[in-house]
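K.L.:
When you read off a place in the sequence shown, starting at 1, and then add 19, the result is the number in the numbering used here.
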Amino acid sequence: SGIKTIAAAAKAYQEVGIRAFIGPLIQDQSLTTSIPDGNTQQQHQPYYRHTADTLSLLKTAITKFHNPEAGIHILAAPTGMQLCSDALFEGCVELSQQAQICCHTHLLETKAQQQLAMEKYGCSAVEHLKHLGFLGPRTSLAHCVWLSDRDIEILAQTQSTVVHNPLSNLRLGSGIAPILKYRQAGVNVAFGCDGSASNDSQDLLEAIKIGSILHNITDFDYRHWITPRQAVEMAALGGARGLNLADSMGSLTVGKQADLVLYDLTQLSLLPQTDPIGLLILGRPVQVVHSAWVRGKRLVAAGNITTVDVEALRQQLFDGSKDCSDRASVMVAQVESHYRTVMGLNP
């Protein structure tokens, strides 16, 4: 069940010792409602819970597992406007206010979602989420590739955070979020890896490198480009702001939580050492984490994780691996022709 999955995730994070923000991606509408000009629900009805049941699951997760003192945070995370009703978004807002938790959702990742929002609401998705009370300093929004100028103004005004996922956006052909424009407008931007299914890895340094230099081709004024030091600040302090925790983490400041990573930049590929921050972000170092502390507890020492048996986990994952290279999706076969028509693609 959903609760069992959340419980397993929380238990694993606690065993490792990492600080975790768990956002169960909840929905109360069929996947086919996410296709513009669709009404294709009759073709495909994947599993989903009704609104009340979905909110009940989230409330149970908050009650059972939300424990900031132990480093476990539950987020109210409706998957996205394409799969969630207004009632679900409003319910998440209410729960977030009651439990003082943060909100998260995927927003305007694709051109199709931009088109769907206008059909569904008669306005942009950002305008609609503002109307529902979902935006604010405790809300983070993944992707935000297809924003209008008015959308950008709203995110800046509400102090919402954009989580930039450059690798998955490139991998899926979703587009390039113009984050230079967002930053100039005063929007807080952080970096993300998205999921392994859409990014093929979970390497934050890789995402930071691509995310910081990808946009140079969109603005020839090099004074607007993101420097390595700015990229580090976006990843650390920008991420903390998106979780409403900038007062307690996100920078090396006396009085803040001792969440620290020590990098070994003595690899031959990173020598001679000229600019350590530049080498870390742009040198694309591999396996350079020497030590890591979370809440003052050392979890990595000399490159080795101290809290769990990594080799046992590696063997377990290897034993459970399956070759999915030839897997065919029934759902894709059912909706692909309609999607291609709506998006103006050849059959």
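Heads up, the beta-carbon is just placed ideally off N, CA and C, and yes, glycines get one too.
Looking at the secondary structure, which residues open and close the beta strand (DSSP E) in which T124 lies?
P.N.:
Here the beta strand (DSSP E) through T124 covers C122 to L126.
K.L.:
Per DSSP, R317 is paired with what?
P.N.:
Paired residue(s): W312.
K.L.:
Let me confirm a value: Y201 is counted as buried when at least 16 other C-beta atoms fall within 10 Å, else exposed. Which label applies?
P.N.:
With 16 or more other Cβ atoms within 10 Å, it is buried.
K.L.:
Starting from V164, trace the beta strand (DSSP E) both ways and give me its first and last residue.
P.N.:
Unbroken run through V164: none, as it is neither H nor E.
K.L.:
Please report the distance separating the alpha-carbon of H85 from that of L174.
P.N.:
Going from the Cα of H85 to the Cα of L174 covers about 27 Å.
K.L.:
State the start and end residues of the unbroken beta strand (DSSP E) segment that holds F337.
P.N.:
Not the beta strand (DSSP E): F337 falls in the alpha helix (DSSP H), residues V329 to D338.
K.L.:
Beta carbon of D398, beta carbon of S104: below 8 Å?
P.N.:
Missing from the structure shown is residue 398; the chain here goes from 20 to 366 and no further.
K.L.:
List the DSSP bridge partners of Y282.
P.N.:
Answer by DSSP bridge pairing, in chain order: V308.
K.L.:
Can you tell me whether DSSP reads Q61 as helix, strand or coil?
P.N.:
Any reading at Q61 needs caution, since the residue's pLDDT is 47, under 50, leaving its predicted position unreliable; the model's value is listed next. Coil at Q61, not helix or strand.
K.L.:
Output the distance between the C-alpha atoms of Y270 and R359, rounded to the nearest integer angstrom.
P.N.:
The sequence given here places Ser at residue 270; Tyr does not occur at that position. Approximately 46 Å between the Cα atoms of the pair.
K.L.:
Would you grab the beta carbon distance between I198 and N188 for me? Rounded to a whole angstrom, and I think it's under 8 Å.
P.N.:
Contact flag wrong, Cβ pair sits at about 11 Å.
K.L.:
For the beta strand (DSSP E) containing A39, name the first residue and the last one.
P.N.:
That run of the beta strand (DSSP E) goes A39 to I41.
K.L.:
Does the stretch 82 to 101 come into contact with the stretch 133 to 144, if we say contact requires no fewer than three beta-carbon pairs (one atom in each stretch) closer than 8 Å?
P.N.:
Yes: the two stretches touch, three or more of their Cβ pairs being nearer than 8 Å.
K.L.:
Would you say Q117 and W165 are within 8 Å of each other, going by their C-beta atoms?
P.N.:
Cβ atoms of Q117 and W165: not closer than 8 Å.
K.L.:
Work out the CA separation of R303 and L290 for me, nearest whole Å.
P.N.:
Distance between the alpha carbons of L290 and R303 is about 13 Å.
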